[in-house]
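Structure record follows, encoded as structure tokens.
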Amino acid sequence: MKLDLIAGARPNFMKIGPIIKAIDLHNQNNTGQKIEYRLIHTGQHYDQNMSQSFFEQLDIPHPHINLGAGSGTQAVQTAHIMTGYEKALAEWMPDICIVVGDVNSTMACSIVARKAGAKVAHVEGGIRSGDWTMPEEINRIVTDSITNYFFTTSEEANKNLVKEGHDKSQIFYVGNTMIDSLLGHLNKLKKPDFFDEQLHGDNYLVLTLHRPSNVDDPEKLTQILNTISASANGTQVLFPVHPRTRKMMESLPGQYQNMILVEPLPYLEFIYVVSNSIGVITDSGGITEETSVMNIPCITLRTTTERPETIRLGTNELVPDINDAPSLIQRMISGQWKKAQLIPFWEGKAAERIVDILSQLSIPANRK
Ligand code: UD1
11 MKLDLIAGAR PNFMKIGPII KAIDLHNQNN TGQKIEYRLI HTGQHYDQNM
61 SQSFFEQLDI PHPHINLGAG SGTQAVQTAH IMTGYEKALA EWMPDICIVV
111 GDVNSTMACS IVARKAGAKV AHVEGGIRSG DWTMPEEINR IVTDSITNYF
161 FTTSEEANKN LVKEGHDKSQ IFYVGNTMID SLLGHLNKLK KPDFFDEQLH
211 GDNYLVLTLH RPSNVDDPEK LTQILNTISA SANGTQVLFP VHPRTRKMME
261 SLPGQYQNMI LVEPLPYLEF IYVVSNSIGV ITDSGGITEE TSVMNIPCIT
311 LRTTTERPET IRLGTNELVP DINDAPSLIQ RMISGQWKKA QLIPFWEGKA
361 AERIVDILSQ LSIPANRK
């Protein structure tokens, strides 16, 4: 069996890493049919901090191909990924193209692969925010509309797919490969160099912001930062700033008391600061999964989530209106927060299940 594994942007790397390890293990332990694969980096993220450091720390092999797509508008970036991947398919045609998550690389490569005659498998298929203003929601819906095999993270995702008319036989509820990465690295976390110098002990919050809906409008971003800084009321806020957010902040005059701005952190350092914090304020989806598993309080500054299990079972609370954040931030600081419960199948074996399932598919017979 021949696979292409697609990774393009920061949150993809911790989802694809465990799948590669599980394939390598499968190939070592099985004398039967081997799984051949190419790892394709689309180049959507390209900085050391946003890409290379994740490959190094998560021990992901050097990609076979880097499409070098880089930044651009939604259409420009998507087009670069599509044309680059089409060329890569002309050299080697996989049976299945495995895409993960919901970034532009996910959608772009799934379209190209399916049109070229490969099957598409979507890891983290079926999650829906219902918010069509998010580029990720469009990426999810387009990708899932042409996906052959869904590897899902939640019961909610399974229901969404069935509701949209997909056959249950295409849906495999395997768990969460991002959590495989998390659990596999908890004993290797690294304290960042600035930690002892800049933070006064473990009494701090972590903030991350990168959604266009929060950071692209300077007034909204200023209001969010002012509100968080004021509500923290002296508690330090560690803010690793995403490049998109940094660009916008450079044009803002504000000084935010008690906020410590740092570059985006490598994986092991980021999980270290989260796991030692009082709580996290974020607009990321992936972080709500990680905080839920680590039982760290989390506030999500969004109107919706595609991961309702992080609210139902995890530590996540949605704050659709920034004016409602102060009371929750105070509650977070005072330690009055719900405790996480176990989320089914989020125990570190999702990638193993995916590879087991893939190895049992009779692809050549199905391929067009
Ligand atoms: C993308 C994903 C988002 C994911 C996020 C994680 C889409 C639509 N969005 O958003 O789902 O949560 O990644 O970060 O795919 N930049 C750099 N260096 C880099 C990468 C980006 O400086 O290595 C800057 C560029 O100026 C770029 C901007 O960040 O224009 C945004 O990058 P882009 O990949 O377009 O989207 P993200 O906001 O990172």
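Numbering-wise, the sequence shown is residues 11 to 378 according to the numbering used here.
Don't be surprised by glycine CBs; every beta carbon is placed ideally from N, CA and C.
Is residue i near ligand 1, going by C-beta to nearest heavy atom under 7 Å?
i, result
"Pro145", "yes"
"Ala128", "no"
"Val113", "yes"
"Met92", "no"
"Arg317", "no"
"Ala19", "yes"
"His55", "yes"
"Gln346", "no"
"Arg138", "no"
"Gln43", "no"
"Ser191", "no"
"Met60", "yes"
"Phe253", "Looking at the sequence itself, residue 253 is Pro, so the reference to Phe does not match. The answer is yes for Pro253."
"Ser294", "yes"
"Glu220", "Before going on, a small fix: residue 220 reads as His here, not Glu. Answer for His220: yes, Cβ within range of ligand 1."
"Ser302", "no"
"Lys125", "no"
"Gln67", "no"
Are there 16 or more other CB atoms within 10 angstroms of the CB of residue i, so buried, or fewer, so exposed?
i, result
"Thr83", "exposed"
"Asp112", "buried"
"Lys378", "Caution applies to Lys378, whose pLDDT of 47 falls short of 50 and renders its modelled position unreliable; the value that the coordinates give is listed next. Lys378 should be labelled exposed."
"Asp57", "exposed"
"Ala361", "buried"
"Ala335", "buried"
"Asn186", "buried"
"Gln67", "buried"
"Trp347", "buried"
"Thr157", "buried"
"Asn386", "The shown model of the chain, from 11 to 378, leaves out residue 386, and the question about it has no answer."
"Ala85", "exposed"
Pick from the options: whose alpha carbon is nearest that of residue i?
i, options, result
"Leu215", "Asn268, Ala100, Val184, Gln346", "Asn268"
"Pro8", "Pro73, Gly295, Glu327, Ser239", "With the chain covering 11 to 378 only, the question about residue 8 has no answer from this structure."
"Ile291", "Val247, Val303, Ile321, Arg254", "Val247"
"Asp34", "Val365, Gln370, Met342, Leu371", "Val365"
"Ile288", "Arg341, Ser372, Asn59, Ala100", "Arg341"
"Ile121", "Glu134, Thr153, Met103", "Thr153"
"Trp102", "Ala79, Ala128, Gly80, Gly78", "Ala128"
"Thr255", "Lys230, Arg363, His74, Leu209", "Lys230"
"Lys349", "Arg322, Glu134, Trp356, Glu165", "Arg322"
Kindly give me the distance between the Cβ atoms of residue i and residue j, rounded to whole angstroms, as I take these residues to be in contact under 8 Å.
i, j, result
"Gly295", "Glu316", "6 Å"
"Thr52", "Gly27", "Not quite, the Cβ-Cβ distance comes to about 16 Å (not below 8 Å), so this is no contact."
"Gly136", "Thr162", "5 Å"
"Ile297", "Thr218", "6 Å"
* Going along the chain, which unbroken runs of the beta strand (DSSP E) with 3 or more residues stay wholly within the stretch 97–146? -> 106–110, 129–133
* To do: Report the residue ranges of all alpha helix (DSSP H) runs contained in full by the stretch 16–96; include only those spanning at least 4 residues, in chain order.
  => 20–39, 63–67
* Asked: Enumerated in chain order, which unbroken segments of the beta strand (DSSP E) with a length of 3 residues or greater are wholly contained in the stretch 188–260?
  -> 214–218, 246–250
* **Any alpha helix (DSSP H) of 4 or more consecutive residues that is wholly inside the stretch 264–345** => 277–285, 296–304, 319–322, 335–343
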